[in-house]
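Residue 106 is where the sequence shown starts when you use the working numbering, and the numbers rise one by one after that. Glycine included, every Cβ here is placed at the ideal spot set by N, Cα and C. All values derive from a computational prediction rather than experimental measurement.
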Amino acid sequence: MKIQYLPIYLFISFILFSNTLVAQQSFPLVNNEDSPSYHVRLNEAVIVDKRIFENDTMRYNYNQMKYYIKTVMPYVNVATIMFKDIQDKTSSMNRRDRKAYIKSKEGEIKVNFEDQLKKLNITQGKYLIKLINRQTKINCYQIVRELKNPISAAYYQSWAKLNGINLNEAYDPEKEHEMERIMRSLGY
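Listed below in structure tokens is the structure:
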């Protein structure tokens with residue numbers, strides 16, 4: 106009974122395999138020889154072995170960090186998009202119009218996100234700052250200084266320092282290897 110279905114399985118697997126071959130792009134390479142060789146470009150594939158932890162505490166800390174990062178990523182994405190949008194739109198504005206535009210965006214952030222951001226704990230706030238630094242390639246202190254003013258940046262930095270957060274710290278993937286691993290596993 107299984108043997109009679111074998112040709113059907115082979116046919117279906119051949120069709121599925123041939124579709125994956127069509128999806129690949131091949132680019133001919135120019136050689137001095139008579140027959141050209143072809144180069145196939147594939148998407149990057151990250152292969153990760155099963156994570157083995159030394160103890161349950163390390164597993165718990167890793168899973169908690171992953172949960173916290175998943176919690177703050179929507180805010181990081183919105184902040185990154187909004188910062189790039191502000192940079193693009195205000196690059197050609199004069200000082201007064203730029204200040205008014207930034208003030209309107211600040212009001213929009215307060216209305217849409219203030220209640221949700223207040224619910225974050227200190228650790229989630231640290232991750233939020235680090236991930237914004239990672240995504241924008243600019244630390245949060247410089248962002249506040251650029252969008253508001255140096256006095257506001259110093260105020261927010263001192264408030265953050267009281268809570269154990271450093272807005273002026275640059276994101277270092279070597280130092281934050283666990284966070285970087287989690288971000289790569291999430292596709293960022």
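query: Complete runs of the alpha helix (DSSP H) confined to the segment 200 to 256 [at least 4 residues]; result: 200 to 223, 227 to 241 and 245 to 252
query: Presumed contact (8 Å Cβ cut-off) between N244 and N268, rounded CB distance; result: Actually they are not in contact, since the Cβ atoms of N244 and N268 sit about 16 Å apart, beyond 8 Å.
query: CB contact below 9 Å: Y173 versus chain D; result: Reference to chain D is not applicable here, since this structure consists of a single protein chain.
query: Proximal residues to Q129 (C-beta, below 6 Å), its chain only, five neighbours per side dropped; result: With a pLDDT of only 49 at Q129, under 50, the local geometry of the prediction cannot be trusted, and the value read off the model is given with reservation. Hits under 6 Å: V145.
query: CB contact flag (G212, I270, <9 Å); result: no
query: Distance between beta carbons of I248 and M170, contact taken as under 8 Å; result: In fact, because the Cβ distance is near 24 Å, the residues do not count as touching under 8 Å.
query: Residues that DSSP places opposite R164 in a beta bridge; result: R164 is not bridged to any residue.
query: Buried versus exposed call for P278 [16 or more other C-beta atoms within 10 Å across all chains shown]; result: exposed
query: Check whether K175 and L252 have beta carbons under 9 Å apart; result: no
query: Inter-residue Cα distance where the pair is I191 and K210; result: 8 Å
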